[in-house]
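In the order they appear, the protein sequences are chains A and B. Counting in this note's numbering, the first sequence runs from 1123 upward without gaps. Counting in this note's numbering, the second sequence runs from 430 upward without gaps. Okay, so here's the structure we're looking at.
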Amino acid sequence: MVTDATMAASGDKIRCDACPVMCYIRSGAAGACDRYANHDGKLVRVDPHIVLERTVSHGGRVVPFQVSGDWDGKIVHQGDIVVTAIGAGTTYPDYKPAPFIVSSEIDGVDMVTVVTEGIFSYCGVKVKIDTDRYLGPETATVRAQGEAVGHVTTSEYGSQMLSLGGVHHLTGGSKKEGRVTCDTLMDLSNCKAVELTIDGGATVVVQAGRPPVVNGTAEERMRVGCGSATIGMFAKQWHGKVDEVVVVDDHITGVLSEHQAGKLLDIADTGIKMKGRRSTPGRYFQVADPGTGWGGTNISNPLSILGPFDPKEARPGLTMLMVSTTGEHAGYYVLDEALRPIEKDIPPDLKLSVERIKENCEPALCTVLFMAGAGGSLRAGVTDNPVRLTRSVKDALTRVTSGGAPVYVWPGGGITFMVDVTQMPAGAFGYVPTPALVAPIEFTMRLSDYAVLGGHVDYVRPLSSLKDSAEIRPITFVPGRRV
Amino acid sequence: MRRRPQIARLPDGKRLHLQDGPIDLIVEANGNEADIRAAYEAAVLRFDGLLDELCAELTELRKAAHPTHRALEGVVARRMQAAVAPFAADCFITPMAAVAGGVAEEILGTMLAAAPLGRAYVNNGGDIALHLEGREQFRIGLMDRPDRQGVMRTLIIDASDRSRGVATSGRHGRSFSLGIADAVTVLAATASQADAAATIIANAVDLPGHPAIVRKPANELQPDSDLGPRLVTREVGQLTDVEIADALAAGESRARQLLASGLIDGAALCLFGEIVVVGVRQTQLYHQHALEIA
């Protein structure tokens, strides 16, 4: 479609003259047609179908419509674009061909992208929350707005995993449970913040690509390692600067003088007495209960995990550094005449080691992987013989993407895939009141392979036909994180 | 360069897509090939220039309607005015509340004048003008959230029903709503009447003064909105089941009033997944069962 759309700016409003309605459009808003919008003072087209332009240099999400002069009608150049399924729509549950089967020529090979929006009631998200703070016991129910939407699963290194959604919460419980689960999955997948509460645990605000907020406190860093590992990593840097170091950790608290790393450096015994259960020398389990204090424990005063120093080995003036596994908490103590630790300012060279621990802790993030299975009827939208599509994917003849983002396809039966939602364009997910999620899924293959697997070849449209049909929304694709 | 409306057959080869500015029509006629072609040609001819015709009177169309006084000239504009007039005495409404239905009705009327058709519809973004003869029927999918996809119920209209218009209004649609309904779908004799009534009923699904409802002056969001500084619903926070029922009951009472006065044939009101149906026979309404892809 060619128009002579121009705009006249006045304040933060622009006036669109794409049609005689001549809407005044505020920044961030769309005109009456929902086709033109004001994006930072520029008139842009916001039609529902999305073509991703793999251009890193622009760095933006929307390509301004008609930057200068007349639009030459070209949206993007072939070979560099991916047609995504977002907005493609679908007529599920019947077996009509997927809404868009697009062919474009790449490297002389006639490629086909079957673009559809799958409706997934067998779907969910796996959430990885980088925190050592206690979120709740394994298998505990995770709730949103009071409804059960999933559960706590295993702890992984420096992070806690949640498994949310799935067919039982979506369709197996009450109507409200299904609705809230659907909303929660959709918001998380669209990179929105969602507050989750865990039975017998914490309240955590989760947003893909952002730090978790646990009981109102934003997490900053992942721990560099457990307390014992931290002792091993930093023992040499502490040697000669301090007599004792305790690295406080919910999992394994490390004690320098008793630890193998300290022994190798001939660090003398200090008479320190740890609470908790000793695992191997210098490594202690359960020095405190889990919580949101030091190193993922519930303590705010680190001295509370120490017993009295043994007078046989301890001496007045002995120095001790206590630090959490993320370096967020640290204290320096000197034993007085009665062998009681008295807090003093941390000497600069020890402060440096605390900074080093902090520096080695990566930023804590929430990551959300959307996981779903493309069932028979979705596959039937792509081919007459659905199982051949599965085989074609397994044989790596067909590439699966979701909103243009790479996916991991699980081995085994069916096409069950996972995708990092931050790699997908904004607003890629929708829902149906079944309830189930609507997610884009694209299958790309050689046209010849498509015919072989029983594809709806009669419905293949050249990419150029999409260009003219105003069913497209060009956006700049920025590889990597969108947030 | 003269702006041209966009005219194309959809990929299925059957439906016609007409778009010009904010008007976006999906048209389908059933009958013999020559009649369909004649009907589509007539539709295209009428469509070209229709937006300009409306825009010539846009200032007047955006003013509060008067119950009896009619200052408009265009045939579509006058139809819009007539559709909102029954509501103008006791509440604020502008002819723009019936613009989508009014346009759909005009195009359908043109098509029917050009050729005999057994069944046809003009769908203007969910506001639909229908034509049915003999044993023909339409299955209409109801969506509770126009901003998301999904059919929640299927409604069947057959030729013996009086209704020839279906329209949906709510807070997620393209136009603003004074109420909180996710969707109100109305059946009425004509598309413009259904359009106006859906707006009125959707406005009535409300909890005035509720703290979880965020409202903003319409003209702050859209400087030239026909609603001026009136507060339109932007967000609806968590509501209790009782509050949802209260808001729906307010809308239902308005819908029953319109049903009794013959302005509508039926309505389905939807809020947070709860649905209230007025006037529609149970046999007309089908549940969309939970379906899984597997």
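Note that the Cβ used here is the ideal one computed from N, Cα and C, for glycine as well.
Relative to the C-alpha of V1335 of chain A, which residue among A:I1353, A:G1393 and A:A1315 is closest?
The residue given as residue 1335 of chain A occupies position 213 in the first sequence. Per the Cα distances, A:A1315.
For E703 of chain B, list the residues DSSP reports as bridge partners.
Position 274 of the second sequence, counted from the start, is the residue given in the question as residue 703 of chain B. In DSSP, E703 of chain B forms a bridge with B:L700.
Going by DSSP, what residue range makes up the alpha helix (DSSP H) through P1562 of chain A?
Position 440 of the first sequence, counted from the first residue, corresponds to residue 1562 of chain A. Unbroken run through P1562 of chain A is the beta strand (DSSP E), A1558 to R1568; no alpha helix (DSSP H).
Would you check if the distance between the CB atom of L1257 of chain A and the CB atom of Q1282 of chain A is smaller than 9 Å?
Residue numbering aside, residue 1257 of chain A sits at position 135 when the first sequence is read from its first letter. Residue numbering aside, residue 1282 of chain A sits at position 160 when the first sequence is read from its first letter. In contact: L1257 of chain A and Q1282 of chain A (Cβ atoms closer than 9 Å).
With a Cβ-Cβ cutoff of 9 Å, do S621 of chain B and A610 of chain B count as a contact?
What you label residue 621 of chain B is simply residue 192 of the second sequence in a count that begins at 1. What you label residue 610 of chain B is simply residue 181 of the second sequence in a count that begins at 1. No, the Cβ-Cβ distance between S621 of chain B and A610 of chain B is not below 9 Å.
According to DSSP, what are the bridge partners of C1313 of chain A?
One-based indexing of the first sequence puts residue 1313 of chain A at position 191. Its beta-bridge partners do not exist; DSSP assigns none.
In chain B, what lies closer than 8 Å to V1143 of chain A by C-beta?
What you label residue 1143 of chain A is simply residue 21 of the first sequence in a count that begins at 1. G450, P451, L480, C484 and L487, listed in chain order.
Proximal chain B residues relative to Y1406 of chain A, where beta-carbon distance stays under 7 Å
Counted from its first residue, the first sequence places residue 1406 of chain A at position 284. Going along chain B, no residue has its Cβ under 7 Å from Y1406 of chain A, so there is no contact; the nearest lies around 45 Å.
What are the partner residues of A1452 of chain A, as DSSP defines its beta bridges?
For the purposes of this step, residue 1452 of chain A is identified with residue 330 of the first sequence, where counting begins at 1. Bridge partners of A1452 of chain A: A:V1445.
For a contact defined as C-beta to C-beta under 7 Å, what are the partners of Q667 of chain B on chain A?
Stepping through the second sequence from its first residue, residue 667 of chain B is reached at position 238. Neighbours of Q667 of chain B across chain A, judged by C-beta separation under 7 Å: Q1267.
Give the interface partners of C1155 of chain A over in chain B, defined as CB-CB distance under 7 Å, in chain order.
Numbered from its first residue, the first sequence carries residue 1155 of chain A at position 33. G450 and P451, listed in chain order.
Other residues of its chain near S1475 of chain A: CB distance less than 7 Å, five sequence neighbours each side excluded:
Walking along the first sequence from the start, residue 1475 of chain A turns up at place 353. The residues are F1356, Q1359 and W1360.
Name, please, each residue of chain B whose Cβ falls closer than 7 Å to the Cβ of K1624 of chain A.
Nothing in the structure corresponds to residue 1624 of chain A, since chain A is present only between 1123 and 1605.
Residues in its own chain within less than 7 Å of F1431 of chain A by CB, not counting five upstream and five downstream?
As a first step, residue 1431 of chain A must be located in the first sequence, where it is residue number 309. Hits under 7 Å: G1393, I1394, K1395, L1457 and L1461.
So which residues on chain B does R1301 of chain A lean against when the C-beta distance must stay under 9 Å?
Within the first sequence, the letter at position 179 stands for residue 1301 of chain A. The answer, in chain order, is F701 and G702.
So V1328 of chain A packs on L1310 of chain A, CB below 8 Å; how close in whole Å?
Locating residue 1328 of chain A in the first sequence gives position 206, where the first residue counts as 1. Locating residue 1310 of chain A in the first sequence gives position 188, where the first residue counts as 1. Correct: roughly 7 Å between the Cβ atoms.
Is the region 1477–1488 of chain A in contact with the region 1381–1393 of chain A, if contact means three or more CB pairs nearer than 8 Å?
Under the 8 Å Cβ criterion, the region 1477–1488 of chain A does not count as touching the region 1381–1393 of chain A, having fewer than three qualifying pairs.
Check the Cβ of K1297 of chain A against every Cβ in chain B and list those closer than 7 Å, keeping chain order.
On the first sequence, position 175 is the one that residue 1297 of chain A refers to. Neighbours of K1297 of chain A in chain B, taken as residues at a C-beta separation under 7 Å, are given in chain order as G702.
Can you say whether A517 of chain B is buried or exposed, counting buried as having 16 or more other CB atoms within 10 angstroms of its CB?
Here residue 517 of chain B refers to the residue found at position 88 when the second sequence is read from its first residue. With 16 or more other Cβ atoms from the protein chains shown falling within 10 Å of its own Cβ, A517 of chain B counts as buried.
What ranges does the beta strand (DSSP E) occupy inside the region 1505–1556 of chain A, keeping only unbroken runs of at least 3 residues that lie completely in it?
Here the runs fully enclosed are 1521–1524, 1537–1542 and 1552–1554.
Tell me the rounded alpha-carbon separation between R593 of chain B and E565 of chain B.
Against the second sequence, residue 593 of chain B aligns to sequence position 164. Against the second sequence, residue 565 of chain B aligns to sequence position 136. Approximately 13 Å, taken between the alpha carbons.
Compare the C-beta of R1400 of chain A against all C-beta atoms of chain B and say whether one is closer than 9 Å.
For the purposes of this step, residue 1400 of chain A is identified with residue 278 of the first sequence, where counting begins at 1. Not an interface residue.
So with CB distances below 8 Å, who are the chain B contacts of A1151 of chain A?
Residue 1151 of chain A sits at position 29 when you count from the first residue of the first sequence. For A1151 of chain A, the residues of chain B that pass the 8 Å Cβ criterion are L650 and Q651, in the order they occur in the chain.
Rounded to whole angstroms, what is the Cα-Cα separation between G1331 of chain A and K1248 of chain A?
Residue 1331 of chain A sits at position 209 when you count from the first residue of the first sequence. Residue 1248 of chain A sits at position 126 when you count from the first residue of the first sequence. Taking the straight line from one Cα to the other gives about 14 Å.
Uninterrupted alpha helix (DSSP H) stretches inside the region 1365–1410 of chain A (no shorter than 4 residues)
Fully enclosed alpha helix (DSSP H) runs of 4 or longer: 1382–1386.
Hey, is R603 of chain B's beta-carbon within less than 9 Å of any beta-carbon in chain A?
The residue labelled residue 603 of chain B in the question sits at position 174 within the second sequence. Taking Cβ atoms only, chain A reaches closer than 9 Å to R603 of chain B, which makes this a yes.
Going by DSSP, what residues sit across from S1285 of chain A in a beta bridge?
If you number the first sequence from 1, residue 1285 of chain A lands on position 163. Bridge partners of S1285 of chain A: A:K1248 and A:H1273.
Flag Y1572 of chain A as yes if its beta-carbon sits less than 9 Å from any beta-carbon of chain B, otherwise no.
Position 450 of the first sequence holds residue 1572 of chain A. When Cβ-Cβ separations below 9 Å define contact, Y1572 of chain A makes no contact with chain B.
With burial defined as no fewer than 16 other Cβ atoms inside 10 Å of the residue's Cβ, what is the status of R508 of chain B: buried or exposed?
What you label residue 508 of chain B is simply residue 79 of the second sequence in a count that begins at 1. That one is buried.
I want to verify the contact list: residues of chain B whose CB lies under 9 Å from the CB of Y1454 of chain A, in sequence order.
Within the first sequence, residue 1454 of chain A is the residue found at index 332, counting from 1. Near Y1454 of chain A there are no residues of chain B at all, since even the closest Cβ is about 48 Å away, more than 9 Å.
Sequence-distant residues of its chain with Cβ nearer than 8 Å to G1439 of chain A (five each side left out):
As a first step, residue 1439 of chain A is located in the first sequence; it is residue number 317 there, counting from the start. Contacts found: V1456 and L1457.
Would you check if the region 1566–1574 of chain A and the region 1512–1522 of chain A touch, i.e. whether three or more CB-CB distances between them fall below 8 Å?
Cβ pair count under 8 Å is three or more, so yes.
Taking all protein chains shown into account, do 16 or more other C-beta atoms lie within 10 angstroms of the C-beta of I1389 of chain A, making it buried, or fewer, making it exposed?
For the purposes of this step, residue 1389 of chain A is taken as the residue at position 267 of the first sequence. Buried: at least 16 other Cβ atoms inside 10 Å.
Keeping to the same chain, check which residues put their C-beta closer than 6 Å to that of Q1188 of chain A; ignore five residues upstream and five downstream.
Within the first sequence, residue 1188 of chain A is the residue found at index 66, counting from 1. Per-residue confidence for Q1188 of chain A stands at a pLDDT of 27, beneath the threshold of 50, marking its modelled position as unreliable; the derived number appears in the next sentence. Excluding its 5 nearest sequence neighbours in each direction, Q1188 of chain A has no C-beta neighbour in its own chain below 6 Å.
Completely contained beta strand (DSSP E) runs for the region 481–560 of chain B, where each covers 3 or more residues:
Counting whole runs of 3 or more residues, the region 481–560 of chain B contains the beta strand (DSSP E) stretches 548–553.
Taking the continuous alpha helix (DSSP H) assigned at D464 of chain B, which residues delimit it?
Here residue 464 of chain B refers to the residue found at position 35 of the second sequence. Judged by DSSP secondary structure, D464 of chain B falls within the alpha helix (DSSP H) whose first and last residues are E462 to F476.
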